[in-house]
Amino acid sequence: MKRSEFSRILRHMEHVREASHEAETRREEKRLIAEYNRMSLAIRPYTTGAEKLEEDADPRASEGERAAWAAAR
278 MKRSEFSRIL RHMEHVREAS HEAETRREEK RLIAEYNRMS LAIRPYTTGA
328 EKLEEDADPR ASEGERAAWA AAR
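Spelled out as structure tokens, the structure:
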């Protein structure tokens, strides 16, 4: 997984987490929580250090992507 993809997933997870707090129905909340959990499992090997992230083709990744990657370590 590339760092930019990892950062994109982290941003999406944050959005899903916030949306689950604002869900109007319990069913919608459960769906969002399940989506968050699936994404969490997908990135777990990278957050625990079991697998290394690949460098992006462009080494000038955005500052936000670098910050998200650093926060995940």
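Under my numbering, residues 278 to 350 are what the sequence shown spells out, in order.
Quick reminder that beta carbons are idealized off the backbone N, C-alpha and C, glycines included.
query: In terms of residues, what are the limits of the alpha helix (DSSP H) holding Leu287?
result: 280-298
Strand pairing of Glu331, partner residues [DSSP]: Lys279
query: What's the gap between the Cα of Thr325 and the Cα of Asn314?
result: 16 Å
query: Straight-line CA distance for Ser297 to Ile286?
result: Spanning the two alpha carbons is a distance of roughly 16 Å.
message: Can you find the residues in the same chain that come closer than 6 Å, C-beta to C-beta, to Glu328, ignoring five residues on each side of it along the sequence?
response: Pro322
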